[in-house]
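These notes concern the structure reproduced below.
Protein chains: 2
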Amino acid sequence: MTDSSRPPVCVLGLGLIGGSVLRAVVREGRTAFGYNRSEDGAAAARADGFDADTDLEAVLRRAADEGALIVVSTPATTLDDLLPTVARLAPDCLLTDVVSVKEPVAQAVQRCHPGARYVGGHPMAGTSQSGWAATDPDLFVDAMWMVTTQDDTDPAAWLTVATLARDCGAQVVPAANDAHDRAVAAISHLPHLTAAATAAVGAGESGLALRLAAGSFRDGTRVAGTAPALQRAMLEANRIALLNALSETIDRLVAARDELRDAGTVATLVDDGHRARLAYEEMASTPAPAIADVEPGDDGWAAQMRRQAHLGHTWQR
Amino acid sequence: MTDSSRPPVCVLGLGLIGGSVLRAVVREGRTAFGYNRSEDGAAAARADGFDADTDLEAVLRRAADEGALIVVSTPATTLDDLLPTVARLAPDCLLTDVVSVKEPVAQAVQRCHPGARYVGGHPMAGTSQSGWAATDPDLFVDAMWMVTTQDDTDPAAWLTVATLARDCGAQVVPAANDAHDRAVAAISHLPHLTAAATAAVGAGESGLALRLAAGSFRDGTRVAGTAPALQRAMLEANRIALLNALSETIDRLVAARDELRDAGTVATLVDDGHRARLAYEEMASTPAPAIADVEPGDDGWAAQMRRQAHLGHTWQR
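Residue numbers (the numbering used here), protein chains in the order written: chain A, 353 to 669; chain B, 353 to 669.
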């Protein structure tokens, strides 16, 4: 990796994800600094020896001076306020983000900072805690980090963002924004709704039912315990893709209900679910194959990378 | 507890649950012996120092001679073969079972052994492993063990079965059979179907989706990995109650889909699920209050115990 793919890193928002990025890249020896809206968070970061400030304009001017990679890690709802300021003060900086949906962020960038050099990202890492106190330089080690890989993505910019993910210890999953949003609707957002429905039906039954609840209920409803505002922000930002995943889920459950009522069996759904779970366990328990035979900038590199990622391969350079 | 509530224990079926019962009561100093259909299982139990035989008729004659409590821990599908033999050779023995549904078992007893002294039971303990090798005398420690508590349940027989559960380290949850079956449909059987649907939708999306799957998918689909035959036997035996729980789940998901499509929010379902999960976590993290002010045989004792159990209280004598 050349130095051109390792510019200084400017992190906007020092919560769990942004703060952990700052910790991770500093540990790798990179120059990095951050902005946080609240003085508490910035002071906590400074107390741990990091370069953090609450003055957004000063931080962005420094990013522009140093040619930094700007990492947006503030809540999605803040983008329409934040991005015009980035456009004004650091218009030429390469921009990425860590928000859990990608098409809405790309649209916000298009709307608020139309000339931006922007390559989106999404690290798949825990969100049940929050704030600087929860940050961890190991948060992304061996995690999957999606990096936007469209046909018109600039290969040098892509490599710079992918290198950020690699410096955090993650494996890079190249994907188009729409495919990413459909995938996380199915494997990250839908589980919140099925967990919520399962929890509500169980708790609606009786104190007896909750007292009898054991492992299947405990694990199957865990994510329903996430703060509702966090769940809503994440799920509602991915409305269209989530509607599709939810409709397919309803169709499968309705078919199971009909089969149970009419034929006394749940064989189809149980067998499909079992096969799916085994496929997941096999994928989770074996190292991801490395994306091979393609470099950013090769003819058709983005499509070729996406094809390999759809098979479960990751960029590990 | 008097000795009359601690007769010898005769366990029919030495798999995970039955074998663990045998280990637990022998550790408590009780006389206990078992039957297992396969010679392998019986030999494994004998090798560990337990009294186990493959001759069902000899085991049942001994149970009759010793006035043993018979614990049926064979699969539900074997009841129609097993119970007539019990009726013929040990007609007066008190009978209990550990099957995960209660009304169908009570009906099988009524059909095959109409004069039986029978009080059903259901320990809420793990089922992902099986066979004698997986048995553990601690399997039931602090677990919940439902004991059938109908208005016409004989109090002395109830106390004998409840004492078995207590000797295994469990807390006793007194409930009517139909209430139990509704409760486990909601908190034990339904989670298998929502996990299966979530897994199938996630795996159907792409290898990309499974590669991006993290904690919410891992935990939310875990029970879909249980052997399909085990899942089907458990769920299909509780068809009516499961149909109701499944229909309520479908209604909640359809309402969430409509709310997301029409109003852009998932607030209702996420809020309901969050409240439900917090109620469960609070119940799971605090010791169950003890059922108080009622003894088996008191006027209206069964209804009074059920009322307290519906609030989440357990019998801990």
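Don't be surprised by glycine CBs; every beta carbon is placed ideally from N, CA and C.
Just so it is clear, the structure is predicted and the values come from calculations on it, not from any experiment.
| task | Kindly indicate if chain B contains any beta-carbon less than 8 angstroms away from that of D655(A). | result | The sequence as given places Ala at residue 655(A); Asp does not occur at that position. Answer no: the Cβ-Cβ gap between A655(A) and chain B never drops below 8 angstroms.
| At a Cβ threshold of 8 angstroms, is V553(A) touching chain B? | yes
| Length of the line joining the Cα atoms of S452(B) and W510(A) | 54 angstroms
| query | For Y387(B), which residues does DSSP report across the bridge? | reply | L364(B), D405(B)
| said: Less than 8 angstroms between the beta carbons of E633(A) and G554(B), yes or no? | reply: no
| query | What span of residues does the alpha helix (DSSP H) with L594(B) cover, start to end? | reply | 591-615
| query | On the three-state DSSP scale, how would you describe R382(A)? | reply | coil
| task | Would you mind telling me which residues of chain B sit closer than 8 angstroms to F492(A), beta carbon to beta carbon, in chain order? | result | By Cβ distance, chain B contributes nothing, its closest Cβ being about 11 angstroms from F492(A), past 8 angstroms.
| query | Of all the CB atoms in chain A, is at least one closer than 8 angstroms to the CB of Q583(B)? | reply | yes
| query | Would you call S540(B) buried or exposed, if buried means 16 or more other Cβ atoms sit within 10 Å of its Cβ? | reply | buried
| What separation, rounded to the nearest whole angstrom, lies between the Cα atoms of V424(A) and E391(A)? | 18 angstroms
| Where DSSP assigns a beta bridge to Y470(B), which residues make up the other side? | L447(B)
| Q523(A) in three-state terms, based on DSSP | strand
| What did DSSP end up calling A642(A) once you bin it into helix, strand or coil? | strand
| message | Could you check whether the Cβ of V618(B) sits closer than 8 angstroms to any Cβ belonging to chain A? | response | yes
| request: May I ask you to report which of helix, strand or coil DSSP gives L421(A)? | output: strand
| said: What does the Cβ neighbour count give for E647(B), buried or exposed, with the cut at 16 atoms within 10 Å? | reply: exposed
| Is the segment 477-491 of chain A close to the segment 367-378 of chain A, with three or more CB pairs under 8 angstroms? | yes
| message | Classify S637(B): buried if its beta carbon has 16 or more other beta carbons within 10 angstroms, exposed otherwise. | response | exposed
| field | Anticipated Cβ contact below 8 angstroms, T426(B) with L434(B), distance rounded | value | 6 angstroms
| field | Contacts of S637(B) in chain A (Cβ-Cβ under 8 angstroms) | value | Residues of chain A passing the Cβ test: none, with the nearest at roughly 11 angstroms.
| Cβ pair R604(A), L595(B) closer than 8 angstroms | no
| task | Report, in whole angstroms, the separation of the C-beta atoms of L545(B) and L598(A), which I expect to be a contact under 8 angstroms. | result | Not confirmed; about 15 angstroms, so no contact.
| request: Taking 8 angstroms as the cut-off, decide whether the C-beta atoms of P475(A) and A439(A) are in contact. | output: no
| Is any beta-carbon of chain E found at less than 8 angstroms from that of A458(B)? | You won't find chain E in this structure, because its protein chains are A and B.
| message | Quick check: what's the CA-CA separation for M498(B) versus A527(B)? | response | 7 angstroms
| request: Please check if any C-beta of chain B sits within less than 8 angstroms of the C-beta of T550(A). | output: yes
| Do you know offhand how far P360(B)'s Cα is from H465(B)'s? | 21 angstroms
| Cβ of R563(A) less than 8 angstroms from any chain B Cβ? | yes
| field | Delimiting residues of the beta strand (DSSP E) encompassing D497(B) | value | Before going further, note that residue 497(B) is Trp rather than Asp in the sequence given. Start and end: 496-500.
| said: Can you pull out the residues from the segment 408-434 of chain B whose beta carbon lies closer than 9 angstroms to at least one beta carbon of chain A? | reply: none
| message | Assuming the contact rule is C-beta atoms closer than 8 angstroms, V457(A) and A428(A) should be a hit. Round their C-beta distance to whole Å, please. | response | 7 angstroms
| field | Residues, ordered as in the chain, of the segment 529-543 of chain B that lie near chain A by beta-carbon distance below 9 angstroms | value | A531, H532, R534, A535, V536, A537, A538, I539, S540, H541, L542, P543
| field | Test: E611(B) CB closer than 8 angstroms to a CB of chain A | value | no
| said: For a test of the three-state rule: what should DSSP assign to P427(B), helix, strand or coil? | reply: coil
| task | For chain B, find out if any of its Cβ atoms is closer than 8 angstroms to the Cβ of A661(A); answer yes or no. | result | yes
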